[in-house]
Ligand SMILES: [Zn+2]
Ligand SMILES: [Zn+2]
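Numbering (this note's numbering), first residue to last: 1 to 227.
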């Protein structure tokens, strides 16, 4: 049954938004390190990519085609997870819904997208162990490719998915930087940020702009908001 999200599909009063933000910030444990939270998936992801690439043995052009193919499939998966897990309560991943729809989307709205302090990385990044969970949950596919297709394709699959997770984290964080930040001023990031900011309109979030990286699946599936 679809989750009733109507209560969050309206822009909350500023006082209510401040209250949700204050509660979320107060829940950050004292040992939390924003730069550690950013560095962990980055180092894990880049390390796994380096290891996978080092193990490749003369990949053929056909094997290398796995990279663009996986990018398209993972982009569709990003759309699906965002729409159906982050915006709908889905067992056993309800925590992702609670951290996204009633929290991330209440705190950050289209005209107020910026984090106010580095500790607010915690309100934007996926949990630090997320990249490990994604690596492990992809292992059956990795094993199938390793044993049934080729070692190279399995390695390219691992490298591409890990690279995608790192790109997701970096891009999403960059959209929530203050507009004055040099990273947020580049034309590409500004274009992508506009796409994500539209999704941060509470009235539109359940229906439009589910890609956080490149809006390919949104384009293919007709969910790019007309504005
Ligand atoms: Zn966001
Ligand atoms: Zn969302």
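Every residue, glycine too, gets a C-beta built ideally from N, C-alpha and C.
Item                                                                                                                                                                                : Value
Could you name each continuous alpha helix (DSSP H) segment of 4 residues or more that falls completely within the stretch 53 to 135, going from the start of the chain to the end? : 61 to 64, 66 to 81, 94 to 99
Could you say which of 18, 22, 125, 107 lies nearest to residue 35 if we only look at CA atoms?                                                                                     : 125
Does residue 95 pass the burial test, meaning 16 or more other C-beta atoms within 10 Å, or should it be called exposed?                                                            : exposed
Given residue 24, which residues of its chain have a CB within under 7 Å of its CB, disregarding the five upstream and five downstream residues?                                    : 103, 107, 123
Going by DSSP in three states, residue 213 sits in which element: helix, strand or coil?                                                                                            : coil
Which residues bound the alpha helix (DSSP H) around residue 181?                                                                                                                   : No alpha helix (DSSP H) contains residue 181, which DSSP labels as neither H nor E.
Below 8 Å on the Cβ atoms is my contact criterion, and I expect residue 9 with residue 203 to pass it. Report the Cβ-Cβ distance as a whole number of Å.                            : 6 Å
Report the three-state DSSP secondary structure of residue 168 (helix, strand or coil).                                                                                             : helix
Leaving out five residues before and five after residue 37 in sequence, what residues of the same chain have Cβ atoms less than 8 Å from its Cβ?                                    : 121, 122, 125, 128
What does the alpha-carbon distance come out to for the pair residue 152 and residue 142?                                                                                           : 11 Å
With a threshold of 16 other CB atoms inside 10 Å of the CB of residue 45, please say whether the residue is buried or exposed.                                                     : buried
Identify whether residue 200 lies in helix, strand or coil by the three-state DSSP scheme.                                                                                          : coil
State buried or exposed for residue 154, treating a residue as buried only when at least 16 other CB atoms are found within 10 Å of its CB.                                         : buried
Would residue 165 be called buried (16 or more neighbouring beta carbons within 10 Å of its own) or exposed?                                                                        : buried
Mind checking residue 157: buried by the 16 CB within 10 Å criterion, or exposed?                                                                                                   : buried
Between the beta-carbon of residue 182 and the beta-carbon of residue 195, is there less than 7 Å?                                                                                  : no
Cβ of residue 79 within 7 Å of Cβ of residue 217?                                                                                                                                   : yes
For a test of the three-state rule: what should DSSP assign to residue 151, helix, strand or coil?                                                                                  : helix
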